[in-house]
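For reference, the structure is listed below as structure tokens.
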Amino acid sequence: MSYRAPVEDILATMRHVAGLDALISEGLAPELADGVTEAVLEEAAKFAGDVLAPLNVIGDRVGSKLKDGTVVTPPGWKEAYHAWAQGGWNALPGPEAYGGQALPTLVQSACTEMWNSAAFAFALGPLLTVGAIEALHAHGSDYLKETYLAKLVSGEWMGTMNLTEPQAGSDLNALRSKAERAGDGTYRISGQKIFITYGDHEMTDNIVHLVLARLPDAPPGTRGISLFLVPKFLVNADGSLGARNDVRCTGVEHKLGIHASPTCAMSYGDEGGAIGWLIGEENRGLACMFTMMNNARLNVAVQGVAIAERAYQQALAFAQERKQGTALDAPKGAPMSPIIVHPDIRRMLMEMRAKTQAARTLSLLLAANLDRSHREPDEARRKAAAERAAIITPVAKAYATDIGVEVASTGVQIHGGMGYVEETGAAQHLRDARIATIYEGTNGIQAIDLVLRKLPLSNGDAVKALIGEMRGVVAQVREANTPGFGHSAARLGAAVDSLERATEWMLATMGIDQASALAGATPYLKLFALAQGGTSLAKKALALQGEDQGAAALATARFYAEHHVGEATALELAVTEGAGAVEDSAAVFAA
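Those letters in the sequence shown? Residues 35 to 625, by my numbering.
In structure tokens form, the structure reads like this:
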């Protein structure tokens, strides 16, 4: 099924929720003025639809395979990547000093959605390269920057992130990979890594691995982790490629989805030690890696939106073509009708559409706040934006990826039995979507991060400011008195009230009863997402009144408010009164 990027809705969300126009008018993103944003998105949409989307099914059915010590990607993958890099897309957010265009994260995120909708497994590789560029640019030595950044920015080389080991998944305290000082400024890296996305492939001449490892005298736990750059091929003084480094892919995982993305087991140091260079300071590697991981969490949120959008488009097209039964008002003897005439099918389609667009508002709002956290000239405003971004990051990552799974599952349901067979492609979206809730920190970990680390920022004032903005949107909906909003004002107002009470409870409880706070972390995150997503859709609908998109935006915002936001009351109770049931469940699992 073909894919058409929803450029109009993406732009509307950028403008009216993320604040694109304000970024431009305030001089924080002058390069996006005069139609530049629109032009970039239109070209990205063409590449996504014309080049990447046709490869999605091929990639799923053929997959990437390890042959003679090298990973081989599906037919057309390498050629598409070279066209993508030559088109300058890899350089979009990169630093200008190394050939990048330094465009805002907001624009990069919008394009990232399109590429992931078109071919999720393809877009994964470049996403990790973007993160590697950011970490290296922020923490690397001048030598490393001069040697590697330009090649990474251009896309001539790709980057990876090597954290996970067989015994060390979410808990990096258990990390065992070793680094030995070589005495010449380099290190010798040894150890095993698993689940390394694009750990090996033939798409680029070199692969730059960012690897976490421990020095012999490192303190225990995460305080003793260092970050190293370990290239697949060493680089000569003149910039040409030299000898093969002591790093190998030993296997490619057989996965539920994203078959074309090579998820590799990596071995370092089988022949004496892979040569690596320190990034940042010794024993401070996790801080450097978090630069890459925070970028990745935004991108994974965008992946959730992307797969949901693709599943929605396919389900909509199927519902318009598939004929079963007749419309309720059809005359006797009328031919079968397209299933889209049936109320429950329309309900499911609206559920897919509304959830997808709500998740999009969270992701682009996060991207815009990240831009402000770097571009605001005033330190206080930079800090405020950074705290807003910090709060929204786990909410966007968890909620958008959960939505990716939910929407893809509903897409299979709309297809009926045809959705359960592989030929239609609906099942692939569900299989592909499932990984995004797991990697870059499982969604449960995102909820813990939100509650323990993000809510206390500025003594709770940062989260209270966000809630105040949500309340302001509710007031605007009430004042607009637009019949098309239906019961939206009441539903949204109740959700914001629930969020405020649950937030106060969390802030008061986490310091004295952490177990109870953590028991309610996941429902709290969803409650936050419902209130933020619902008010964001309403804000967009208010701004688009009288425009071509206005009616659809209003209907979508209303549906989300009346069909989903009502869950807020139950979620509040799960947060504030549900800890006892979780704690008492320990008896159920006792030996």
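Glycine included, C-beta positions come from ideal geometry on N, C-alpha and C.
Rounded straight-line distance, which links the Cα of residue j to that of residue i
i, j, result
"Arg465", "Thr603", "31 Å"
"Asp68", "Trp123", "20 Å"
"Pro369", "Met382", "23 Å"
"Thr256", "Gly319", "9 Å"
"Leu500", "Leu605", "19 Å"
"Ala620", "Leu607", "20 Å"
"Ser211", "Leu246", "7 Å"
"Asn90", "Gly83", "11 Å"
"Lys80", "Thr516", "37 Å"
"Gly600", "Gly612", "18 Å"
"Val530", "Tyr558", "12 Å"
"Leu616", "Arg535", "One point to set straight first is that residue 616 is Val, not Leu, in the sequence displayed. Roughly 20 Å separates the two Cα atoms."
"Met48", "Leu398", "6 Å"
"Ser204", "Leu576", "42 Å"
"Gly307", "Leu197", "18 Å"
"Arg215", "Tyr177", "18 Å"
"Asp280", "Leu261", "17 Å"
"Glu474", "Cys298", "16 Å"
"Ala46", "Glu113", "33 Å"
"Ala349", "Ile379", "10 Å"
"Leu62", "Ala401", "14 Å"
"Thr471", "Asn477", "6 Å"
"Ala571", "Val508", "First, the amino acid is wrong: residue 571 is Leu here, not Ala. Near 11 Å, if we compare the C-alpha coordinates of Val508 and Leu571."
"Val51", "Gly219", "48 Å"
"Ala624", "Ser550", "20 Å"
"Gly527", "Gly506", "10 Å"
"Arg409", "Ala423", "13 Å"
"Ile230", "Lys488", "28 Å"
"Glu355", "Asp618", "51 Å"
"Met300", "Lys266", "11 Å"
Range covered by the beta strand (DSSP E) that runs through residue i
i, result
"Ser224", "221 to 231"
"Phe262", "259 to 265"
"Arg38", "Counting along the chain, Arg38 falls outside any beta strand (DSSP E), and DSSP gives it neither H nor E."
"Gly193", "192 to 196"
"Gly291", "It is not in any beta strand (DSSP E) - Gly291 carries neither H nor E in the DSSP assignment."
"Arg278", "275 to 278"
"Lys417", "Segment 413 to 449 is the alpha helix (DSSP H) holding Lys417; no beta strand (DSSP E) there."
"Lys101", "99 to 101"
Residue span of the alpha helix (DSSP H) that contains residue i, given as start and end
i, result
"Glu214", "Per DSSP, Glu214 belongs to no alpha helix (DSSP H); it is in the beta strand (DSSP E), 212 to 215."
"Arg49", "41 to 50"
"Ser151", "139 to 152"
"Arg525", "522 to 543"
"Gly584", "584 to 597"
"Lys574", "555 to 577"
"Lys80", "70 to 81"
"Gln201", "Neither: Gln201 is in no alpha helix (DSSP H) and is coded neither H nor E."
"Ser492", "Unbroken run through Ser492: none, as it is neither H nor E."
"Arg465", "460 to 467"
Backbone secondary structure at residue i - three-state DSSP
i, result
"Val455", "coil"
"Ile313", "strand"
"Gly285", "strand"
"Glu305", "coil"
"His243", "strand"
"Thr107", "coil"
"Arg318", "coil"
"Lys366", "coil"
"Val269", "strand"
"Pro372", "strand"
"Met300", "strand"
"Arg356", "coil"
Residue-level contact to chain B via CB, residue i, 8 Å cutoff
i, result
"Gly319", "Protein chain content of the structure displayed is limited to a single chain, and chain B is not contained in it."
Inter-residue CB distance, residue i and residue j (contact presumed, cutoff 8 Å)
i, j, result
"Arg248", "Ile259", "6 Å"
"Ile425", "Gly338", "Actually they do not touch by this definition, with Cβ atoms about 18 Å apart."
"Val446", "Ala460", "5 Å"
"Leu161", "Ala277", "Incorrect: roughly 29 Å between the Cβ atoms, too far for contact."
"Ala184", "Tyr232", "That belief does not hold up - the Cβ atoms of Ala184 and Tyr232 are roughly 20 Å apart, past 8 Å."
"Gly134", "Val187", "5 Å"
"Ala152", "Ala87", "4 Å"
"Glu190", "Gly225", "No, Glu190 and Gly225 are not in contact; Cβ-Cβ is about 28 Å, not under 8 Å."
Cβ-heavy atom distance, residue i to the ligand SAM, below 7 Å
i, result
"Gln583", "By its list of ligands, the structure shown contains no ligand whatsoever, and the ligand SAM lies outside what it can speak to."
For the 8 Å Cβ check, are there 3 or more pairs between the segment 100 to 113 and the segment 132 to 147? Touching, no, given that fewer than three Cβ pairs across the two stretches are closer than 8 Å.
Three Cβ pairs or more, each shorter than 8 Å: is that satisfied between the segment 560 to 571 and the segment 420 to 439? The segment 560 to 571 and the segment 420 to 439 touch, with no fewer than 3 CB-CB distances between them shorter than 8 Å.
Take every Cβ of the segment 324 to 339, pair it with every Cβ of the segment 62 to 78, and state whether three or more of those distances are shorter than 8 Å. Judged by Cβ distances under 8 Å, the segment 324 to 339 makes no contact with the segment 62 to 78, as fewer than three pairs qualify.
Just checking, does the segment 457 to 472 make contact with the segment 278 to 295 on the three C-beta pairs under 8 Å criterion? Counting Cβ pairs under 8 Å, three or more are found: they touch.
How about the segment 443 to 456 and the segment 360 to 368: do they share at least three Cβ pairs that are nearer than 8 Å? Too few Cβ pairs lie closer than 8 Å, so no.
Does the segment 538 to 547 come within contact of the segment 396 to 415, defined as at least 3 CB pairs closer than 8 Å? Pairwise C-beta distances place the segment 538 to 547 out of contact with the segment 396 to 415, as fewer than three of them are shorter than 8 Å.
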